[in-house]
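The structure appears right after this line, and notes come after that.
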Amino acid sequence: MAMANSLQLVIVTESVIENTIIEEILALGAKGFTVSEARGLGTHGMRSGRWTVGGNVRIEVIGDADLCERIVATLQEKYDADYGLLMYTFPVNLRN
Amino acid sequence: MAMANSLQLVIVTESVIENTIIEEILALGAKGFTVSEARGLGTHGMRSGRWTVGGNVRIEVIGDADLCERIVATLQEKYDADYGLLMYTFPVNLRN
Amino acid sequence: MAMANSLQLVIVTESVIENTIIEEILALGAKGFTVSEARGLGTHGMRSGRWTVGGNVRIEVIGDADLCERIVATLQEKYDADYGLLMYTFPVNLRN
Amino acid sequence: MTFEPVVLFFLLGVIAGLARSDLKIPGAIYEALSIFLLLAIGLKGGVKLAEYPLASLLFTSLVVVGVAALIPLVAFPVLRYLGRMSRADAASIAAHYGSVSVVTFSVAATFLDQHAVAYEGHMIVYLVLLEFPALIIGVLLARAGTAGQTRWDQLFHEVFFGKSILLLIGGLAIGYLAGPDGIAPLDKLFFDLFKGVLAFFLLEMGLVASSRIADLRRYGTFLVGFAIVMPVAAALLGLFLGRALGLSEGGAVLIATLYASASYIAAPTAMRIAVPEANPALSIGASLGITFPFNIFLGIPLYWWMAERIYAGS
Amino acid sequence: MTFEPVVLFFLLGVIAGLARSDLKIPGAIYEALSIFLLLAIGLKGGVKLAEYPLASLLFTSLVVVGVAALIPLVAFPVLRYLGRMSRADAASIAAHYGSVSVVTFSVAATFLDQHAVAYEGHMIVYLVLLEFPALIIGVLLARAGTAGQTRWDQLFHEVFFGKSILLLIGGLAIGYLAGPDGIAPLDKLFFDLFKGVLAFFLLEMGLVASSRIADLRRYGTFLVGFAIVMPVAAALLGLFLGRALGLSEGGAVLIATLYASASYIAAPTAMRIAVPEANPALSIGASLGITFPFNIFLGIPLYWWMAERIYAGS
Amino acid sequence: MTFEPVVLFFLLGVIAGLARSDLKIPGAIYEALSIFLLLAIGLKGGVKLAEYPLASLLFTSLVVVGVAALIPLVAFPVLRYLGRMSRADAASIAAHYGSVSVVTFSVAATFLDQHAVAYEGHMIVYLVLLEFPALIIGVLLARAGTAGQTRWDQLFHEVFFGKSILLLIGGLAIGYLAGPDGIAPLDKLFFDLFKGVLAFFLLEMGLVASSRIADLRRYGTFLVGFAIVMPVAAALLGLFLGRALGLSEGGAVLIATLYASASYIAAPTAMRIAVPEANPALSIGASLGITFPFNIFLGIPLYWWMAERIYAGS
Ligand SMILES: Nc1ncnc2c1ncn2[C@@H]1O[C@H](COP(=O)(O)O)[C@@H](O)[C@H]1O
Ligand SMILES: Nc1ncnc2c1ncn2[C@@H]1O[C@H](COP(=O)(O)O)[C@@H](O)[C@H]1O
Ligand SMILES: Nc1ncnc2c1ncn2[C@@H]1O[C@H](COP(=O)(O)O)[C@@H](O)[C@H]1O
Ligand code: NA
Ligand code: NA
Ligand code: NA
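Protein chains in written order, with our numbering: chain H, 10 to 105; chain P, 10 to 105; chain E, 10 to 105; chain V, 80 to 393; chain F, 80 to 393; chain C, 80 to 393.
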């Protein structure tokens, strides 16, 4: 899928909404994603990954600027107020 | 190992071939690597990390453009057809 | 926290000093961090994550160049000699 | 008042947590222990259930569940107006206290066994039935008169197919279908090891609770008081109901414990999904940081003491 | 036809999976359970093995393994020409069905115990011996007349030092060397808990199988038919062989079950490495999504029923 | 010299490791097993402790711990001047050998049980007491006459609230408080399964040790020799002390084993934090790669043989 001008969008959020977020991402047109477990601290407090608190997930999506824009806009509107959420992008070169 | 012009190569692939891929990377001259567990969706379908399906691993290698080129070329030729494989690079500044 | 000119600082180090490193990072002014489990190979040998050897952690901090500079300088001075440690930065666009 | 030795493991966990020890039960193990406990309790209940005519259970079950609905309905205004909490927070905490705690129930049953007090085997059915109605009441309270749309489908899914209910009901069904003889070869795992696993679980709960205790200072004395007074009031309701239903003294203590206990497995997840604007630290802090230890150390012996008074007076 | 209560846990897992419950057995637990099962079976077999003269086992073992080679050799042309599958896919599926399933075997043994049917203790030796030859046959079939180079060294390594074979053979050796008395102090873990652990394992298998059921629609009715007819045919072969070898009725049912069962632990990994161009979803979908549940619910009682007819006619 | 069958699991692990098998015990399971072993040993000791007057234990405990301090104090100059190691490395290895191994102790106790040799129940108290003083001596040795600042607060915290000590002492206290009757319902988990869990643990230790064996070539023959001679010398010290203290023959073997064993749970973490410039591969390679297998296969039977000679001569 070697294409120019790809962006990597990284989403760090609460694992309790992992499935919901992934459904959103796919509905918005992502062709794939990669998820890994994480924990962390942010404005919503410590998320140590212990039960009853829950941990974070780190979701990575590679796509064009347009797709990333749509995902960012949707998640920000629907989940940013109530859930721990961090999103950032950076350009990458796809190599296969 | 502070050197200029380093690239971070990220390889997302099936955990069943983790050891094989790491041998290739070291044989091609990488001085180190970092591995973490992941799961994901791509053209080879969902890899949820449940047994019988298996999960992915995310392998990161920092090196110069040459090394990354060699790794990309080798893995693409030998593993891209049969295994789930995603590779991308981006420039980073090494700080120690 | 959408701000321009953010850097992502990635620190890969031994899990035995995770808590110590995180205290340093917060004391130096980081507003948050994300941690995930990793394993790897570097100049300090293989860290497979098996017990008695221990694994690595991958700590990500997003902040301005100043903060990253302070963290890099502190960790390099205090931990680079005795512990496995890799640090690198790259620019990212914060999206929320 | 004596207590069950198994609660000493909770204490050990609290000490380890407060001392910032590196002791931690890995998440995978915690998950496995909780699947074990839920299945084992379900199986135990299912085997007992086969001994009772189902029809006779129907009426008492309706009463036990109906009366339990009072708990969140009383807790909500108390939290909202006395405690001056936001609607979402009050509703979420009310849901936690209306639902039940499987581990508290297990400690109470162990306590009764230790003191050789008999109780009806079908209590476990009430445990299953009491787990979820309060969650729905909580969401209704949070949404009453507000415009916020609720993810009702997600809530119902979470409530009925969330792992706690699914394992409890699944175990109940398997125990009922297989009967005592069919389950016998599983006894060595599910019944003989039960108390040991409970000890392990309490160790981890102590570790987690200790991190909650620190948070509590921030929430103020109102919530701390609520987390102690509410269970005692609910337990009294349970004791009188138990007597009215003609249950044994041990059975009444178990109803009291169910009413007094607050959920910290099913409720937090359900509330995070259905009432995300509620602060989870408040509800979990109160239920796990105060009510749970209160119940296992003081509450259960107290409810038994009260039961003896109430039954003596009949 | 009655079935073993333990299979109800598989059903519970399927229901949870289809209902998209959040129930999941953590990977680490699944790993530990499978190490437990493999070691326990090996130990059990090793203790029994000590009771038989090894030489007498050699001949029957050769026959049981030799006849089993027919299974992949018949399955391959059926899949390739009747099923119009690619060479790689046909070879990989043939390898899965030629190999065996440890859990299916355990459910069959439990079934026989429950019905108080005796069987020879050395059956477990066949289980170990049958696990790998089909994997090598599968790779040979995939590579016959093609230019593709095979990672033979990796395959042999995977087959002989892969954890299933290693734990089975290791357990066998330890059981044999230590004898019943040496193993006795381990009985409480490895034997008393065996059936309970099997129940847990079946719960997880149900969860995984449910995700495979959805896939199956895509593979068409041919594969579904194959996944039911093939085991029954193989079981018949096993029953007649068992009678010819003078085994007890119970022993014949176990040979039949071994022949009928399809691997989903050793085979998928080995095939992914040695025949990577085969689609793993097809082989795992058939073996885990259809053949496994078919065997534990219908197959085992059916093979027993057939065994009674065949042995009555002798 | 016969050995305990349970050590065969260690051998299986070594073989799997050397053959580069994909067998591995997941980290979460390893963690859980070690929590189990530490708690179980603590509980066992606590129950026994209740049978002894605490005051009478105080004197012998002081002697056993005091004499044990000789071990790191002798090991350090040997490593530093004979072995030409850096100050940090010599100090860290000395600390490992001065501390003790819970698993080696358990194998020795199992060995004595198997040979029906009696021993005093309070040995476990010595196990707990011997775990940490050597760690502090090691840090003092590393820092003597150097400018390097030590993270003393972190070290003390690690030593006293690190999970090994915490679980051992916690178990001891719970066992002591609850007494045999209070602990009885936990026996099925903590005592009946103990030996099986030990087998599992030894399997994993074999896997890890095998990776250490390869490293050892690099460290040279001096370290290998040290890792065998040091335990035997320490064991002799322990045997004579045991006799002098009037312990039973079995008790003396256990003191000998404690002195001979080297830590690989508490010590590595503590040294990594307090003496980070020491190379962890050296100390863990010696203690886990050589001393541990030496002790469980040859050392324990040897110490028993020596005990018989020494006690016969009294
Ligand atoms: N400055 C930061 N650097 C790295 N990760 C962060 C940062 N801020 C937040 N995060 C991650 O994003 C998650 C959600 O952030 P928040 O919504 O601020 O609670 C946190 O739990 C962290 O894992
Ligand atoms: N667009 C994408 N964004 C992020 N990760 C991806 C993407 N496509 C594929 N991946 C990851 O790479 C793995 C292999 O991809 P594939 O070879 O396409 O199956 C997947 O399982 C995902 O973890
Ligand atoms: N070239 C590299 N590429 C990726 N990760 C590396 C590299 N070098 C070191 N690392 C990671 O950083 C950790 C510490 O490195 P070191 O201090 O060199 O032992 C290693 O265990 C690896 O996880
Ligand atoms: Na309640
Ligand atoms: Na078969
Ligand atoms: Na020692």
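Even glycine gets a Cβ: it sits at the ideal position worked out from N, Cα and C.
Model, not experiment: these values are computed from the prediction.
* Asked: Taking all protein chains shown into account, do 16 or more other C-beta atoms lie within 10 angstroms of the C-beta of Asn1/P, making it buried, or fewer, making it exposed?
  -> What is shown of chain P runs 10 to 105, which leaves residue 1/P out entirely.
* Asked: Using a C-beta cutoff of 8 Å, does Ser100/V count as contacting chain C?
  -> yes
* Is there at least one Cβ from chain F nearer than 8 Å to Val81/P's Cβ? -> no
* Is Lys40/E near ligand 1, in the sense that its beta carbon is under 7 Å from a heavy atom of that ligand? -> yes
* Have a look at Phe235/C, Arg222/C, Val143/C, Leu251/C and flag the residue whose alpha-carbon is nearest the alpha-carbon of Gly125/C. => Leu251/C
* Asked: Taking the Cβ atom as the reference point for each residue, do Ala278/F and Val85/F lie within a distance shorter than 8 Å?
  -> yes
* **Best match in Glu199/C, Phe88/C, Val153/C for proximity to Tyr131/C [C-alpha to C-alpha]** => Glu199/C
* C-beta neighbour in chain H for Thr300/V, strict 8 Å -> no
* To do: State buried or exposed for Tyr343/C, treating a residue as buried only when at least 16 other CB atoms are found within 10 Å of its CB.
  => buried
* Asked: What residues from the region 25–51 of chain P come within 7 Å of chain H, judged by C-beta to C-beta, listed N to C?
  -> Ser45, Glu46, Ala47, Arg48, Gly49, Leu50, Gly51
* To do: Starting from the beta carbon of Ile262/V, find every residue of chain F whose beta carbon is closer than 9 Å, and list them in chain order.
  => Pro84
* **Cβ neighbours of Ser362/F in the same chain (closer than 6 Å, five flanking residues each side left out)** => Ser171, Ile172, His175
* Cα-Cα separation, Gly378/F to Pro359/V -> 49 Å
* Could you round the C-beta distance between Ala107/V and Ile108/F to whole angstroms and report it? I think they count as a contact, below 8 Å. => 6 Å
* Tyr160/V versus Gln193/V: straight-line alpha-carbon distance, rounded -> 42 Å
* Since Pro212/C contacts Ala167/C with CB under 8 Å, what's their CB separation in whole angstroms? -> About 19 Å separates the two Cβ atoms, so there is no contact after all.
* Indicate whether at least one CB of chain C lies closer than 8 Å to the CB of Tyr97/E. => no
* Looking only at its own chain, which residues have a Cβ that is under 7 Å from the Cβ of Glu237/F, when we skip the five neighbours before and after it? -> Thr348, Ala349, Ile352
* Determine, using beta carbons only, whether Leu122/C and Gly275/V come nearer to each other than 8 Å. => no
* Under a CB-based cut-off of 8 Å, is Ala195/V close to chain H? -> no
* Label Phe155/F either buried or exposed according to how many other C-beta atoms from any shown protein chain fall within 10 Å of its C-beta, with 16 as the threshold for buried. => buried
* Should Arg56/P be listed as close to ligand 2, given that the test is whether its C-beta is under 7 Å from any heavy atom? -> yes
* Of the choices Pro380/C, Trp383/C, Leu333/C, whose alpha-carbon is the least far from that of Val179/C? -> Leu333/C
* To do: Measure the beta-carbon distance from Leu315/F to Met202/F and round it to whole angstroms, keeping in mind my assumption that it falls under 8 Å.
  => Rounded, the Cβ-Cβ distance is 18 Å, inconsistent with contact.
* To do: Pick helix, strand or coil for Leu16/H, following the three-state DSSP scheme.
  => strand
* Asked: Starting from Gly72/E and walking both ways along the beta strand (DSSP E), at which residues does that stretch end?
  -> 65–72
* To do: Can you give me the start and stop residues for the beta strand (DSSP E) that Gly364/C sits inside?
  => Unbroken run through Gly364/C is the alpha helix (DSSP H), 359–365; no beta strand (DSSP E).
* **The alpha helix (DSSP H) enclosing Arg159/F, as first and last residue numbers** => Where Arg159/F is concerned, there is no enclosing alpha helix (DSSP H), given that its DSSP letter is neither H nor E.
* Asked: When the cut-off is 8 Å and only beta carbons count, does Ile20/P lie next to chain E?
  -> no
* Asked: Distance, Cα to Cα, Leu220/F vs Leu234/F?
  -> 14 Å
* Asked: What is the C-beta distance between Leu103/H and Ile80/H, in whole angstroms, given that I count them as a contact (C-beta under 8 Å)?
  -> Actually they are not in contact, since the Cβ atoms of Leu103/H and Ile80/H sit about 18 Å apart, beyond 8 Å.
* Cut-off 6 Å between Cβ atoms - residues of its own chain near Thr98/P, not counting five sequence neighbours on either side -> Leu16, Leu18, Cys77
* Asked: When we look at the beta-carbon of Ala169/C and count the other beta-carbons within 10 Å, is it buried (16 or more) or exposed?
  -> buried
* **CB contact below 8 Å: Phe235/V versus chain F** => no
* In terms of residues, what are the limits of the alpha helix (DSSP H) holding Thr370/V? -> Segment: none, Thr370/V is in no alpha helix (DSSP H) and carries neither H nor E.
* Check Thr83/E in the structure and name its three-state DSSP category. => helix
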